[in-house]
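Structure first, then comments.
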Amino acid sequence: MLIAQHLSPTHKSMMVQLLSKDAKLRIAEAQHGSSLKANTVYITPPDKQIVFSANKIVLRKPDTTIGPKPSVDTLFYSLCEQKDYNIIGVILSGTGTDGAAGSRALKECGGTVLIQDPSTAKYDGMPQAAIQTGMYDAVLPPEEIAERILDYIRKPERVPETVAEIRTDDDLEKIFDMLGSHAGTDFSNYKRATIARRLKKRLDALNI
């Protein structure tokens, strides 16, 4: 698990020490070039951008002094590039709109996005911005997010290459025709596997 919390470049974070007191999982500061280990939570250090590339944590100095550091958007974009459809992104309390664009990207690449219910957030800017994209799976109070993550992990074949309910190209063509009639959008040139994955994700998200 990777945590990207907005911090002042000069702030000395005590999150590793504080969480380690009560957490059952191992809490560690993210280290450049290290691999992810099971049952470990990695905290991004101050004044660093964190990305995930080639199965390694990559830490780098921020490209600009403007904007939040570390950036949730930057982290989510890098996760999309891994082509791993079991990625789960969580947006929690925070100011600004960081994470909204990244959430959209994560959904488009087949990941799962969970958002803290803004009514439970001390700062609702980030949750509200992510919700406004319309690209998410659930909006939940914090105490229900962990349970939902476990549900997703335990669900077998969460993102298969094809969808059982969509058995033939004829079925997809019927769906494309309906979309074209109602929205005027032409999906005929999209890759069938991509369309099937995204339809499956929406079916799962809506529990239908």
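Okay, so the sequence shown: first residue is 11 according to the working numbering, each after it adds one.
Positions of the beta carbon are idealized from the N, C-alpha and C atoms, including for glycine.
Using a threshold of 8 Å, state whether the C-beta atoms of A40 and P55 are closer than that. Position 30 of the sequence shown, counted from the start, is the residue given in the question as residue 40. Position 45 of the sequence shown, counted from the start, is the residue given in the question as residue 55. Against a cut-off of 8 Å, the Cβ pair of P55 and A40 comes out as a contact.
Between Q59 and T84, what straight-line distance do the alpha-carbon atoms span, to the nearest angstrom? One-based indexing of the sequence shown puts residue 59 at position 49. One-based indexing of the sequence shown puts residue 84 at position 74. Rounded to whole angstroms, Q59 to T84 spans 8 Å at the Cα level.
When DSSP labels each residue in this structure, what does E171 get in the three-state scheme? Your numbering for residue 171 matches position 161 in the sequence shown. With a pLDDT of only 43 at E171, under the threshold of 50, the placement of this residue in the model should not be trusted; the figure read from the coordinates follows. Residue state, collapsed to three classes: coil.
DSSP three-state call for A139: helix, strand or coil? Mapped onto the sequence shown, residue 139 falls at position 129. If DSSP states are grouped into helix, strand and coil, A139 belongs with the helices.
Taking C-alpha atoms, which residue in I218, R202, A193 and K132 lies nearest to P151? The residue labelled residue 151 in the question sits at position 141 within the sequence shown. Of the candidates I218, R202, A193 and K132, the one whose C-alpha sits nearest the C-alpha of P151 is K132.
Distance, N199 Cα to V51 Cα: Translated into the one-based positions of the sequence shown, residue 51 becomes position 41. Translated into the one-based positions of the sequence shown, residue 199 becomes position 189. Whole-angstrom Cα-Cα distance: 41 Å.
When you compare the CB positions of F62 and L89, do they come within less than 8 Å of one another, or not? Start at 1 with the first residue of the sequence shown, and residue 62 comes out as number 52. Start at 1 with the first residue of the sequence shown, and residue 89 comes out as number 79. Yes.
To the nearest angstrom, how far is it from the Cα of V169 to the Cα of I218? For the purposes of this step, residue 169 is identified with residue 159 of the sequence shown, where counting begins at 1. For the purposes of this step, residue 218 is identified with residue 208 of the sequence shown, where counting begins at 1. Summary for V169: the model assigns pLDDT 46, below 50, so the residue's position carries little reliability, and this model does not support an answer.
So is A64 in contact with chain B if we call contact Cβ pairs under 8 Å? In the displayed structure, chain B is absent; only one protein chain is listed.
Less than 8 Å between the C-beta atoms of T105 and G135, yes or no? Numbered from 1 along the sequence shown, position 95 holds the residue referred to as residue 105. Numbered from 1 along the sequence shown, position 125 holds the residue referred to as residue 135. The answer is yes: Cβ separation under 8 Å.
Hey, G120 and Y87: beta-carbon distance below 8 Å or not? Taking the first residue of the sequence shown as position 1, residue 120 is located at position 110. Taking the first residue of the sequence shown as position 1, residue 87 is located at position 77. No. Outside cutoff.
Is the beta carbon of K79 closer than 8 Å to that of H16? Taking the first residue of the sequence shown as 1, we reach residue 16 at position 6. Taking the first residue of the sequence shown as 1, we reach residue 79 at position 69. Yes, the Cβ-Cβ distance between H16 and K79 is below 8 Å.
Helix, strand or coil: which one does DSSP assign to G144? Looking up residue 144 in the sequence shown gives position 134. Three-state DSSP puts G144 in coil, outside helix and strand.
For the beta strand (DSSP E) that L29 lies in, which residues bound it at each end? Within the sequence shown, the letter at position 19 stands for residue 29. Per DSSP, L29 belongs to no beta strand (DSSP E); it is in the alpha helix (DSSP H), M25 to D32.
Whole angstroms is fine: what's the gap from Q126's alpha carbon to G77's? To locate residue 126, count along the sequence shown from 1; it is residue 116. To locate residue 77, count along the sequence shown from 1; it is residue 67. Distance between the alpha carbons of Q126 and G77: 22 Å.
What number of angstroms, rounded off, separates the C-alpha of D161 from the C-alpha of E118? The residue given as residue 161 occupies position 151 in the sequence shown. The residue given as residue 118 occupies position 108 in the sequence shown. If I take the Cα positions, the gap works out to 21 Å.
With a Cβ-Cβ cutoff of 8 Å, do S44 and K66 count as a contact? Sequence index remark: in the sequence shown, residue 44 carries index 34 (1-based). Sequence index remark: in the sequence shown, residue 66 carries index 56 (1-based). Taking 8 Å as the cut-off, the beta carbon of S44 is found closer than this to the beta carbon of K66.
Given that a residue counts as buried once 16 or more other Cβ atoms are within 10 Å of its Cβ, and exposed if not, what is I37? Mapped onto the sequence shown, residue 37 falls at position 27. Burial call: buried.
Roughly how many angstroms lie between the CA atoms of H42 and L69, to the nearest whole one? As a working mapping, residue 42 is identified with position 32 in the sequence shown. As a working mapping, residue 69 is identified with position 59 in the sequence shown. Going by C-alpha positions, H42 is about 5 Å away from L69.
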